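Quick note: the sequence shown, position 296, residue 296 per the UniProt record's numbering, numbers continuous. Structure first, then comments.
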Amino acid sequence: MKNIYKKINLLLVCSILFVGCKSGSEENNEVAATTTQEQEQEKGLKDYYSEYFPVGVAVAPNSFEGKSKELILQHYNSLTPENVMKMGEIHPEQDRYSWEAADKIANFARENDMKMRGHALVWHQQTGDWIFKAQDGGQVSKEELLQRMKNHIDTVVSRYKGTIYAWDVVNEAIADNPEEFLRTSEWYEILGEDFIIKAFEYAHEADPEAKLFYNDYNAIIPEKRDRIYKLLKTLVDRDVPIDGVGIQGHWSIYSPSEEELRKAMDMYSSLGLEVQITELDVSLYPWEKERREMREDESDEFTPELQEKQIEKYKMFFKVFRDYKEVMTGLTFWNIADAYSWLDYYPVPGRKNYPLLFDEDYEPKEAYYEVIEFEENED
């Protein structure tokens, strides 16, 4: 009888040990799976594209709070001030600079070891009226305007030297009219083509280490692409200190085509210039330049059909970007998530747009997963 009990006890012990070992193994597998899942969740766009290019975002000083801050830190490793470094904001009067907002963004970049792009030194909009006016109220002279431009660039670029690695030196100088070359702005009226050359020269003098970019929209559309190429080639041929071209990337589910995008990338990079996508968003609506009111027959619903079209565009754009990783040195989204986009107010105020990879609750959209799961999607 004792031998029987011993055998029974032995069997019970073995059973318990077996069950215990199995449970421990399953628990270990579950822990490992959970850890892997958490690690994947902690990864962001910047991590998936670490072997390709920095991934940035346009921000405001109030972006560094709550969900917005969390999303920035998880997904981006480069910042661009959306508005606060434009001349009218940072230099509102001839003898007065406003540093607080720009400094806040620069400090955040430094504290979190992030790259930073400067936007923008010379632009025909948001300049401040004083820059073009003489003391008598008339138009300022060419000599005086050049001096004002130099003072502005010297002061702003020098302040952020070592923090800002790249500047949009001249923004949107090509005319919208296909029959014209350069935009008829006060910069051009007073200084002629020299305003572009001098801006780059002054920026290079202020920070010889900074990368200097020409930045423009509709840079993929053939007729404007060709005029931008003409300008860039002129600058390169004249040994102007320019390093790259910024393609703004305010695109839509309707355009550009893959062929157009690749052609533009080929043309710009053939000049020996770096290419960056500086202001990426993918609108649900066709391109419009002029502001207007929302029509009664319009809807701003983000339908499943529109979602699918946006997914396909994002998938295509990022496939092209990866193919051009040798010449593409940066990508910046224009705004953080669909909770806020400048496209909610332009060109149709009050018409909601959903142009980014994160929704109104700062959660990833389906397009996000197409962008990061590219290893499975590559041909």
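Ideal Cβ positions, reconstructed from N, Cα and C, are used throughout, including at glycine. Note that the structure is a prediction, hence the values are computed from the model and not measured.
Cutoff 6 angstroms; reference residue i; Cβ partners in own chain excluding five residues on either side
{"i": "phenylalanine 122", "result": "Before going on, a small fix: residue 122 reads as valine here, not phenylalanine. Only Val170, Ala199 meet the Cβ criterion."}
{"i": "glutamine 39", "result": "Interpretation of glutamine 39 is limited by its pLDDT of 49, a score under 50 that renders its predicted location unreliable; no figure is taken from the coordinates."}
{"i": "proline 355", "result": "Asp281, Val282, Ser283, Ser341, Leu343"}
{"i": "lysine 313", "result": "Ile253, Val282"}
{"i": "glutamate 288", "result": "Pro347"}
{"i": "histidine 91", "result": "Tyr97, His152"}
{"i": "phenylalanine 318", "result": "Val371"}
Check whether residue i and residue j have beta carbons under 8 angstroms apart
{"i": "alanine 120", "j": "lysine 150", "result": "no"}
{"i": "isoleucine 247", "j": "isoleucine 220", "result": "yes"}
{"i": "residue 380", "j": "tyrosine 362", "result": "Any question about residue 380 goes unanswered here, given that the chain covers just 1 to 379."}
{"i": "valine 275", "j": "tyrosine 285", "result": "no"}
{"i": "aspartate 281", "j": "phenylalanine 213", "result": "no"}
{"i": "arginine 159", "j": "threonine 332", "result": "no"}
{"i": "methionine 328", "j": "glutamate 258", "result": "no"}
{"i": "glutamate 186", "j": "phenylalanine 132", "result": "yes"}
{"i": "lysine 115", "j": "glycine 162", "result": "no"}
{"i": "tyrosine 165", "j": "lysine 104", "result": "no"}
{"i": "tryptophan 130", "j": "glutamate 189", "result": "no"}
{"i": "leucine 71", "j": "isoleucine 336", "result": "yes"}
{"i": "residue 387", "j": "arginine 351", "result": "Absent from the model: residue 387. The displayed extent of the chain is 1 to 379, so no value can be given."}
{"i": "glutamate 172", "j": "histidine 124", "result": "yes"}
{"i": "asparagine 324", "j": "methionine 265", "result": "In the sequence under discussion, the amino acid at residue 324 is tyrosine, which differs from the asparagine named in the question. For tyrosine 324 and methionine 265, yes; Cβs fall inside 8 angstroms."}
Simplified DSSP assignment, three categories, for residue i
{"i": "glycine 88", "result": "helix"}
{"i": "proline 178", "result": "coil"}
{"i": "threonine 163", "result": "coil"}
{"i": "glutamine 147", "result": "helix"}
{"i": "methionine 328", "result": "strand"}
{"i": "leucine 79", "result": "strand"}
{"i": "threonine 278", "result": "strand"}
{"i": "arginine 117", "result": "strand"}
{"i": "tyrosine 368", "result": "helix"}
{"i": "tyrosine 340", "result": "strand"}
{"i": "tryptophan 130", "result": "helix"}
{"i": "glutamate 375", "result": "helix"}
{"i": "residue 381", "result": "Not covered by the structure: residue 381. The range shown for the chain is 1 to 379."}
{"i": "glutamate 111", "result": "helix"}
C-alpha gap between residue i and residue j, whole angstroms
{"i": "threonine 184", "j": "lysine 142", "result": "16 angstroms"}
{"i": "isoleucine 174", "j": "phenylalanine 181", "result": "6 angstroms"}
{"i": "glutamate 89", "j": "threonine 127", "result": "8 angstroms"}
{"i": "glutamate 223", "j": "lysine 263", "result": "12 angstroms"}
{"i": "proline 54", "j": "valine 320", "result": "16 angstroms"}
{"i": "glutamate 360", "j": "tryptophan 334", "result": "15 angstroms"}
{"i": "aspartate 154", "j": "tyrosine 48", "result": "37 angstroms"}
{"i": "aspartate 216", "j": "leucine 73", "result": "27 angstroms"}
{"i": "glutamate 65", "j": "glycine 272", "result": "40 angstroms"}
{"i": "tyrosine 76", "j": "alanine 203", "result": "26 angstroms"}
{"i": "proline 364", "j": "threonine 278", "result": "21 angstroms"}
{"i": "valine 240", "j": "leucine 146", "result": "17 angstroms"}
{"i": "aspartate 300", "j": "isoleucine 197", "result": "43 angstroms"}
{"i": "glutamine 139", "j": "valine 371", "result": "50 angstroms"}
{"i": "threonine 80", "j": "alanine 109", "result": "10 angstroms"}
{"i": "alanine 106", "j": "glutamate 326", "result": "28 angstroms"}
{"i": "glutamate 305", "j": "serine 255", "result": "16 angstroms"}
{"i": "glutamate 366", "j": "glutamate 201", "result": "44 angstroms"}
Sequence-distant residues of its chain with Cβ nearer than 7 angstroms to residue i (five each side left out)
{"i": "arginine 322", "result": "Tyr52, Phe374"}
{"i": "lysine 309", "result": "Ile253"}
{"i": "asparagine 112", "result": "Leu73"}
{"i": "arginine 227", "result": "Ile174, Phe181"}
Close Cβ partners of residue i (< 8 angstroms) along its chain, the five nearest in sequence each way excluded
{"i": "glutamate 144", "result": "Ala134"}
{"i": "lysine 230", "result": "Phe181"}
{"i": "leucine 232", "result": "Tyr214, Ile242, Val245, Tyr268, Leu271, Leu273"}
Identity of the residues DSSP links to residue i by a beta bridge
{"i": "asparagine 171", "result": "Trp123, Asn215"}
{"i": "isoleucine 242", "result": "In the DSSP output, where bridge partners are listed per residue, isoleucine 242 has none listed."}
{"i": "valine 57", "result": "Leu79, Phe333"}
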